[in-house]
Every structure is written in C-alpha cells, then in structure tokens.
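Here the sequence shown is numbered in the numbering used here, starting from 1 and rising by one per residue.
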Amino acid sequence: MREEVRASRAASRKRKRLWQMATVVLLIILLIGVIAFAALMDSKKTALPETDDIATESADEESEVAEETEAEAEVNETDGTFVYIAAPYTKVFADDRVTVIYEADLGDRFEQLETVSGFVKLQLNAQTIGWVTEAQVTEEATNITDEDVTEAWKTVVPTADATTLEMLGQNIESVRATLGAPKSVQRDQVNEYHFYDGFFLMVRDQQVRAIDWDRQAVATPDLAATSSQNAGSWYEGETRQLKLFPYDGVMRSGSNRNNDNRREDIPFGDCFYVFIQMNV
1 MREEVRASRA
11 ASRKRKRLWQ
21 MATVVLLIIL
31 LIGVIAFAAL
41 MDSKKTALPE
51 TDDIATESAD
61 EESEVAEETE
71 AEAEVNETDG
81 TFVYIAAPYT
91 KVFADDRVTV
101 IYEADLGDRF
111 EQLETVSGFV
121 KLQLNAQTIG
131 WVTEAQVTEE
141 ATNITDEDVT
151 EAWKTVVPTA
161 DATTLEMLGQ
171 NIESVRATLG
181 APKSVQRDQV
191 NEYHFYDGFF
201 LMVRDQQVRA
211 IDWDRQAVAT
221 PDLAATSSQN
231 AGSWYEGETR
241 QLKLFPYDGV
251 MRSGSNRNND
261 NRREDIPFGD
271 CFYVFIQMNV
C-alpha cells in the first residue's frame, strides 16, 4: 500500500514539473513573439515617416528650391542691362576699386554685370571689366532717331562724306583694306585708336565703334541734347550717338588722354571734338 502511495506522489510531482516546464517554454515563446512583433513595427515606422514629417520635409525642399530660383533670378536681373556714363572723364577702377585703368566719357555705354557697395561692375570689352561709382552711371537716356543724329552730325562736320558712317560696326581689317594703313595706332585697356588725316577710328574687339573728328568749328545742332554740360553734349539715337566736346588740344579717349597729343597751335574753346559712336 505504501509503495502505491509513493508511486502516486512521484507521478504527481513529475506531472507538476512537466506543466511548469511547459509553462516556462510557452512564456519564453510568447516573449520572443512580442519582441519580434515590436521590432517589426519599429522597422516599419522607421521606413515610413509619419505624414507630418513627410509634409515638413516636402515644404522644406520646396522652400530651398524657391530660394535658389529667386537667387538665380537676382543674378540674371542685370543680364543684358546696359548703362550710360553720366559724366565726362569718369574714372574706371580695377577690381581693387582703387587703381584707375581707364577714363570713360559722357554717354559711353557698357553692359552692367552687378552692383556692389555703391560700385557698378561694367563689361568694358570682351576681356576687360571695370568698376565705377553708381553716381557716375544712368540707365535713362532720351532718344532721338538715327536720322536726326545723322543730320546733327552733318551740321557739325559739314565737309565729311555721309558714306563715312558706313564704317561704324565694320571689322577694322575690312576698313583698313579700304582706307589703307593708319598713320599711327594707340592702345589702352579698352580700345585701339587708328589715326588717319583729320579723324581717327576707335576700335573695340576688332570692330569700329566710333569715329572722331577734332578741330571742328563750333556749331550747335537744332536738337535737344540727351545731356548737355559745360564739358560736352551727348545726343542719343536708336543705334548711334553724337557727342560734342570743347577742343582742348588733348585726345579725349581712354587712358591715352595725355599731353603727347596736345596741339599748341589750336586756340582752345574755338573748336569741337566730334564723336559719332555706336550705342549697340
């Protein structure tokens, strides 16, 4: 009888241990499942941001694109913008804005590249840039017709042949093929000056940009000047301009303006320099 009781108790203890082991294994399996499920949900959350995050990122990207577009637009605002020199003998500076590299004259027209701290950056020719103060340039120029400019030019240079104006805009080599070699050529940072009897050609980037006659008798065209100052007058046409300056015996153009060109035998104030110049 005692043997049966002991056997029954042993069997009961064995079943109890088996249930305990099964319970532990089940709890472990459940715990692993919970951990795996949590990890899966966390990976999905990382891969797919919440709607608010997506909207914020999208708005930030659109804002950055808009700012870049606006910045590009600001840079392009000066593309193709041209300004006129508003005063005679305007000093044009190098990048240091201290060293003078050229002297521009009333009515000279250049492309504006940018404006920085009161200075305007100009494209002087294909290779050269320069800076002038903002106060020395203007974007406004009252226009007359090219025909009016030509008639005014005939008034102040009555002996010139009208076909002379056909040289404006031509390549200097083709002009020299017609006129022959000049008596002399001078150069500065922006232009070349080809001297012939009674006039010279101002050449920029191998193109005749202006023709100058010195020692012309004083005459005033019957036209309202774009700008009239004691130091000179400027008449702006559609594609060309006429400029009149009191003759002082010194070449007016660029850095070649010096006493080497002075003529002591010409009475100052009794004659004009006459420029007819392209403005395109």
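Virtual Cβ for every residue (Gly too), placed ideally from N, Cα, C.
For clarity, every value in this text was computed on a predicted model and none was experimentally measured.
Residue i to residue j, Cα distance in whole Å?
{"i": "T81", "j": "G237", "result": "18 Å"}
{"i": "T133", "j": "A217", "result": "34 Å"}
{"i": "G180", "j": "E166", "result": "16 Å"}
{"i": "C271", "j": "D214", "result": "8 Å"}
{"i": "P49", "j": "I32", "result": "Below a pLDDT of 50, predicted positions are generally treated as unreliable, and P49, at 49, falls in that range; the measurement from the model is reported next regardless. Answer to the nearest angstrom: the Cα atoms are 26 Å apart."}
{"i": "T178", "j": "D96", "result": "42 Å"}
{"i": "W19", "j": "L26", "result": "10 Å"}
{"i": "Y235", "j": "I144", "result": "8 Å"}
{"i": "V157", "j": "E147", "result": "15 Å"}
{"i": "N258", "j": "Y193", "result": "Model confidence at N258 stands at a pLDDT of 42, short of 50, so the residue's coordinates are unreliable; what they give is reported in the following sentence. In a straight line, the C-alpha of N258 is about 14 Å away from that of Y193."}
{"i": "G232", "j": "T90", "result": "13 Å"}
{"i": "Q186", "j": "V116", "result": "32 Å"}
{"i": "A210", "j": "L122", "result": "19 Å"}
{"i": "F199", "j": "E173", "result": "17 Å"}
{"i": "G118", "j": "Q136", "result": "10 Å"}
{"i": "A36", "j": "I28", "result": "12 Å"}
{"i": "M21", "j": "R15", "result": "10 Å"}
{"i": "D248", "j": "F110", "result": "26 Å"}
{"i": "Q112", "j": "L168", "result": "23 Å"}
{"i": "A38", "j": "R17", "result": "32 Å"}
{"i": "S255", "j": "A94", "result": "Confidence in S255 is poor, its pLDDT being 48 and thus under 50, which makes the residue's placement too unreliable to answer from."}
{"i": "V34", "j": "V24", "result": "15 Å"}
{"i": "E140", "j": "T159", "result": "33 Å"}
{"i": "D161", "j": "V120", "result": "38 Å"}
{"i": "P182", "j": "D212", "result": "14 Å"}
Spell out the partners DSSP gives residue i in its beta bridges.
{"i": "R204", "result": "Q207"}
{"i": "F93", "result": "V100, W131"}
{"i": "I85", "result": "V137"}
{"i": "V274", "result": "W213, L244"}
{"i": "F110", "result": "V83"}
{"i": "G232", "result": "Q229"}
Residue i and residue j: beta carbons closer than 8 Å?
{"i": "D197", "j": "A126", "result": "no"}
{"i": "I85", "j": "D108", "result": "yes"}
{"i": "T239", "j": "N279", "result": "yes"}
{"i": "L106", "j": "S227", "result": "yes"}
{"i": "D188", "j": "Y102", "result": "yes"}
{"i": "V83", "j": "T138", "result": "yes"}
{"i": "V152", "j": "L242", "result": "The residue you asked about is not Val; residue 152 is Ala in the sequence shown. Yes, Cβ-Cβ distance for A152 and L242 is below 8 Å."}
{"i": "V92", "j": "V100", "result": "yes"}
{"i": "P246", "j": "T155", "result": "no"}
Give the single residue among the options whose Cα lies nearest to the Cα of residue i.
{"i": "S287", "options": "A210, F195, V175", "result": "The structure shown has nothing for residue 287, since the chain only spans 1 to 280."}
{"i": "A219", "options": "V208, S228, L244", "result": "L244"}
{"i": "E114", "options": "D105, V98, W131", "result": "W131"}
{"i": "T150", "options": "Y273, T178, L223, P88", "result": "L223"}
{"i": "Q170", "options": "V203, E192, V100", "result": "V203"}
{"i": "I276", "options": "L201, P246, Q229", "result": "L201"}
{"i": "V175", "options": "Y193, F93, V208, A141", "result": "V208"}
{"i": "P88", "options": "Q20, I28, Q229", "result": "Q229"}
{"i": "T142", "options": "Q112, P246, A225", "result": "A225"}
Can you tell me whether residue i sits near the ligand SAH, meaning its C-beta is under 7 Å from at least one heavy atom of the ligand?
{"i": "G169", "result": "For the structure depicted, the ligand SAH is absent and the ligand set is empty, with no information on it obtainable."}
Legend entry - In chain order, each alpha helix (DSSP H) run of at least 4 residues that lies wholly inside the region 115-201: As far as the region 115-201 is concerned, its whole alpha helix (DSSP H) runs of at least 4 residues are 146-156, 172-179.
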